[in-house]
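K.L.:
Can you read through this structure? Questions will come right after.
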Amino acid sequence: MENTISQLKQNNRLLNTIRYNPGISKNALAEQFEVSWPTMSNTIDNCKKAGILTMDSSLQINADYAHMIGISVGSAQIKLCIINMNFHKISSQIFQNLTLKMDIFKIARSYMVKEKIPLDDFVCFATPGNLFDLQSQLDCIMEDIITVIENQHLYNLNIISIGLTFTGAVDNIAKKIIKSHNLEFISDKPLSNIIFPNRINYFESKKINLYIDNNSNSSAVAEKYDLYNPLNNNYKYHDKKNIVVIYLGAGIGAGMVLNNKLYRGASNYIGELGHIEVPRYPKLNTTNKPEEYCSCGNQNCLDLLIRSDVFEKTKADFSLLNTEDIDTFLKDYPEKVEILAYYIGSITNLLINILNLDLIIFTGKFKLALNRMWLPLYHQLNANKLTYISNECTLISSNLGVTSPSIGVAISSYFDKIQEEIEW
Ligand SMILES: [Zn+2]
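Have a look at this one:
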């Protein structure tokens, strides 16, 4: 393990440059690193010998050199995936193979059968409604992860880190969930209260680190990396440096990449979009205030207005809607699309005008519904009076959708393990 980590740390810049520039030549690399061709050639040969790069003549990262596990705890579902050194999920064939042969992730598998979700390259199950059940179900997952680690040689895996991401404000240094509006029972809980000490001790003994963050930051990391995938139809936006990723789960949060660095703010609490007060949709045929107060204390915050004016649901009921449910609802109630676009558009314009963004990526449960929203959303964007700023920004939809937090936190756990900044 120590040799693996020191190799990854030593060659971090080279690996990242290859990730951001798929198909880059040795010449171009030498130029970018300002070294001679023989020096670069020597470095590359050493990486090939160490197994970090493949022996191919084109420059390819050895995807199986190391692996990271990502677990996202959302208000409705918990998802788990394993990623490789290209920061892609391991193939569905390998993932299914190890899941079925080792007979692991049983809670998730029975949930997926019930919900008719095919076992592909990730597993998911319903988030429990109280702390005790969350602790015990996550403990089952940790037990399964230990089984994977103990047998990983059979599947050509080399797990170096595990990331967990939660809905809410998370202190990633102190490893503590500070406040979760959507899962109130995990507020003010350190990771050591969510994952039991015997499991933490096991991972420590194997030098596998446990990293935590929140869903929006994790999404931003995954979405930015996904732009560099040449097979992705959003590849043409890979040179955008000032990006906000707007994530819709049970509430709305945002992750930010500013000047090609993940922006965390003073305490990692950025992007609480859902609890910013926004003007009420003007053509609403009621002036009544929404009945409930949001857990943030506001009565006009974005989350509450979307729940009450668009979906007419309580927080608990809204959190149960999945991507398909939201799309079906908006298909059945087309008049609600404009109200939703008005609220999302208001917050989008606010972000654009403050930050002079060049890209906004919508992800999470938005994925399908966006196809109904582009027209009114761009109508909102066009209504932005500061056109010289709004003209610079493009709005796109994610290719990753609901798995982006789990992929992103797996990537973040990698950088935490090798103690390098997340930048592009
Ligand atoms: Zn609120």
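Residue 1 is where the sequence shown starts when you use this note's numbering, and the numbers rise one by one after that.
Every residue gets a Cβ at the ideal spot worked out from N, C-alpha and C, and that includes glycine.
(1) Which term fits Y211, buried or exposed, when burial requires 16 or more other beta carbons within 10 angstroms of its beta carbon?
(2) Report whether the distance from the Cβ of L273 to the nearest heavy atom of ligand 1 is below 7 Å.
(3) So what does DSSP say about G253, is it helix, strand or coil?
(4) Measure the C-alpha to C-alpha separation of S187 and D309 and round it to an integer number of angstroms.
(5) Taking only the alpha-carbon atoms, compute the straight-line gap between N97 and P279 and give it to the nearest angstrom.
(6) Measuring CA to CA, which of V113, I107, N12 is closest to L134?
(7) Given a cut-off of 8 Å on the beta-carbon distance, is the pair Y247 and G364 in contact?
(8) Within the present structure, is the beta-carbon of N298 separated from the nearest heavy atom of ligand 1 by less than 7 Å?
(9) Could you tell me if the beta carbon of I304 falls within a distance shorter than 7 Å of some heavy atom in ligand 1?
(10) Helix, strand or coil for T314, going by three-state DSSP, please let me know.
(11) Pop quiz: I71 and I141 are said to be a contact at Cβ under 8 Å. What is the actual Cβ separation, rounded to whole angstroms?
(12) Keeping to the same chain, check which residues put their C-beta closer than 6 Å to that of D121; ignore five residues upstream and five downstream.
(13) For K236, which option in W37, K49, D358 has the closest C-alpha, if you only look at C-alpha atoms?
(14) State yes or no: is the C-beta of C124 nearer than 7 Å to some heavy atom of ligand 1?
(15) L59 and I83 - do their beta-carbons sit closer together than 8 Å?
(16) In terms of residues, what are the limits of the alpha helix (DSSP H) holding V245?
(17) Between the beta-carbon of F318 and the beta-carbon of A254, is there less than 8 Å?
(18) What is the residue span of the beta strand (DSSP E) that S72 lies within?
(19) Among T348, Y281, N198, which one has its Cα closest to the Cα of G306?
(20) Alpha carbons only, please: which of S413, I270, I162 is nearest the one belonging to I146?
(21) Can you tell which of K101, I422, N214 has the C-alpha that lies nearest to the C-alpha of L154?
(22) According to DSSP, is Y211 helix, strand or coil?
(23) According to DSSP, simplified to helix, strand and coil, what is T167?
(24) At the level of alpha carbons, what is the spacing between S413 and V221?
(25) Which stretch, first to last residue, makes up the beta strand (DSSP E) that contains G364?
(26) How about H238 and L231: are their beta carbons less than 8 Å apart?
(27) Which residues in the same chain as F105 place their Cβ atom closer than 6 Å to its Cβ, once the five residues preceding and following it in sequence are excluded?
(28) If you run the structure through DSSP and keep just helix, strand and coil, what is L227?
(29) Closest to H275 by C-alpha separation, out of N242, N234, I347, E335, would be which residue?
(30) Measuring straight from C-alpha to C-alpha, what distance separates A28 and D56?
P.N.:
Checking against the coordinates, here is how it stands:
(1) buried
(2) no
(3) strand
(4) 27 Å
(5) 51 Å
(6) I107
(7) yes
(8) yes
(9) The question names Ile, but residue 304 is Leu in the sequence shown. The answer is yes for L304.
(10) coil
(11) 7 Å
(12) K89, S92, F95
(13) D358
(14) no
(15) no
(16) Here V245 belongs to no alpha helix (DSSP H); instead the beta strand (DSSP E) covers 243-248.
(17) no
(18) 67-73
(19) In the sequence as displayed, the identity of residue 306 is Ile instead of Gly. Nearest option by C-alpha distance: Y281.
(20) I162
(21) K101
(22) strand
(23) coil
(24) 11 Å
(25) 359-364
(26) no
(27) T99, V123, D144
(28) coil
(29) I347
(30) 17 Å
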